[in-house]
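Engineer:
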Amino acid sequence: DQQVKQNSPSLSVQEGRISILNCDYTNSMFDYFLWYKKYPAEGPTFLISISSIKDKNEDGRFTVFLNKSAKHLSLHIVPSQPGDSAVYFCAASRVDSSYKLIFGSGTRLLVRP
Amino acid sequence: EPEVTQTPSHQVTQMGQEVILRCVPISNHLYFYWYRQILGQKVEFLVSFYNNEISEKSEIFDDQFSVERPDGSNFTLKIRSTKLEDSAMYFCASIQGEGYEQYFGPGTRLTVT
């Protein structure tokens, strides 16, 4: 059941450049999308989210874009910093489904100094 | 800053034994969740809990699993008879109210031998 997919298992970018992480979903009933960051041996940490009624949400260096027609969202990190190196998970949720999160498989981001 | 805590950080048990994983959600939160992540795989939803009862559970959450909120602070996950395939990181999460941004604990690594 691959309702949320992250097709790139890894991404490497130079410090200061833009990191773009992508996520696709299949269930058009999702009404909220979230990005989580995870370091080894720690729990996922909430990063940024977007409602399905919006197409963009920005928080500092992080921006999430939602393209509902394509069922695609992306996370932009500008500028990327070495401390951003972690695994990033895309997740989706529905208000009528106890707000449970359906996660993608994650993308490991490495920001090179 | 309030945080979700989990104990123990690592639990080793023999196949067939019962284990109880403990979580203390953030104090004013109302919705509680358990997720698991098998090594190298995605984070998977197990169960959601609201108003002292299960609101939703996944097909993974079979009769061997149970959850309880025995007092006003703890939220526990019990596995009655562990199997080798129960080896995973187990994450507890909570939400304050009707929202989507779940706060995760650091996880318990369960190893079944």
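Note that the protein sequences, when read in sequence, are chains A and B.
When the letters of the first sequence are read in order and numbered with the numbering used here, they come out as residues 1 to 113.
When the letters of the second sequence are read in order and numbered with the numbering used here, they come out as residues 114 to 226.
Every residue, glycine too, gets a C-beta built ideally from N, C-alpha and C.
Keep in mind the model is a prediction, meaning the values are calculated, not measured.
For B/E169, which three-state DSSP category applies?
Structural biologist: Taking the second sequence and counting its residues from 1, the one referred to as residue 169 of chain B is at position 56. DSSP places B/E169 in strand when its eight states are reduced to three.
Engineer: Quick one: does A/I102 have its CB under 9 angstroms from some CB of chain B?
Structural biologist: Taking the first sequence and counting its residues from 1, one reaches residue 102 of chain A at position 102. Yes, because at least one Cβ of chain B sits closer than 9 angstroms to the Cβ of A/I102.
Engineer: What residues in the region 167-180 of chain B have a beta carbon less than 7 angstroms from any beta carbon of chain A?
Structural biologist: S168 and E169
Engineer: Hey, quick one: how far does the beta strand (DSSP E) through A/Y25 stretch, first residue to last?
Structural biologist: As a first step, residue 25 of chain A must be located in the first sequence, where it is residue number 25. Per DSSP, A/Y25 belongs to the beta strand (DSSP E) from S19 to Y25.
Engineer: Tell me which residue opens and which closes the beta strand (DSSP E) that A/F65 is part of.
Structural biologist: As a first step, residue 65 of chain A must be located in the first sequence, where it is residue number 65. F62 to N67 is the span of the beta strand (DSSP E), which, as asked, contains A/F65.
Engineer: Strictly below 8 angstroms CB to CB, what residues from chain B border A/Y116?
Structural biologist: Residue 116 of chain A lies beyond the residue range present for chain A, which begins at 1 and ends at 113; the question has no answer from this structure.
Engineer: Check whether chain A comes within 9 angstroms of B/P219, counting only Cβ atoms and requiring the distance to be less than that.
Structural biologist: What you label residue 219 of chain B is simply residue 106 of the second sequence in a count that begins at 1. Yes, its Cβ sits closer than 9 angstroms to a Cβ of chain A.
Engineer: With H, G and I counted as helix, E and B as strand and the rest as coil, what does DSSP make of B/L239?
Structural biologist: The shown model of chain B, from 114 to 226, leaves out residue 239 of chain B, and the question about it has no answer.
Engineer: Is there a Cβ of chain A sitting closer than 9 angstroms to that of B/Q209, yes or no?
Structural biologist: Taking the second sequence and counting its residues from 1, the one referred to as residue 209 of chain B is at position 96. No, because no Cβ of chain A sits closer than 9 angstroms to the Cβ of B/Q209.
Engineer: Please list the partners that A/G43 has in chain B, where partner means a Cβ-to-Cβ separation under 7 angstroms.
Structural biologist: In the first sequence, the residue the question calls residue 43 of chain A occupies position 43. What A/G43 touches in chain B: F204, F217, G218, P219 and G220.
Engineer: So A/D59 is in the beta strand (DSSP E); what residue range does that whole segment cover?
Structural biologist: Taking the first residue of the first sequence as 1, we reach residue 59 of chain A at position 59. Taken as a continuous stretch (DSSP letters only), the beta strand (DSSP E) holding A/D59 covers K56 to D59.
Engineer: Apart from the five residues just before and just after B/T126, which ones in its own chain have a Cβ nearer than 8 angstroms to its Cβ?
Structural biologist: Looking up residue 126 of chain B in the second sequence gives position 13. Contacts found: V132, T195, L223, T224, V225 and T226.
Engineer: Could you check whether B/F162 and B/F64 sit closer than 9 angstroms to each other, using their CB atoms as the reference points?
Structural biologist: This structure gives no information on residue 64 of chain B, because the portion of chain B shown stretches from 114 to 226.
Engineer: Between B/V117 and B/A206, which are expected to be in contact by the criterion C-beta below 8 angstroms, what is the C-beta distance as a whole number of angstroms?
Structural biologist: Along the second sequence, one-based indexing puts residue 117 of chain B at 4. Along the second sequence, one-based indexing puts residue 206 of chain B at 93. Yes, B/V117 and B/A206 are in contact; Cβ-Cβ is about 7 angstroms, under 8 angstroms.
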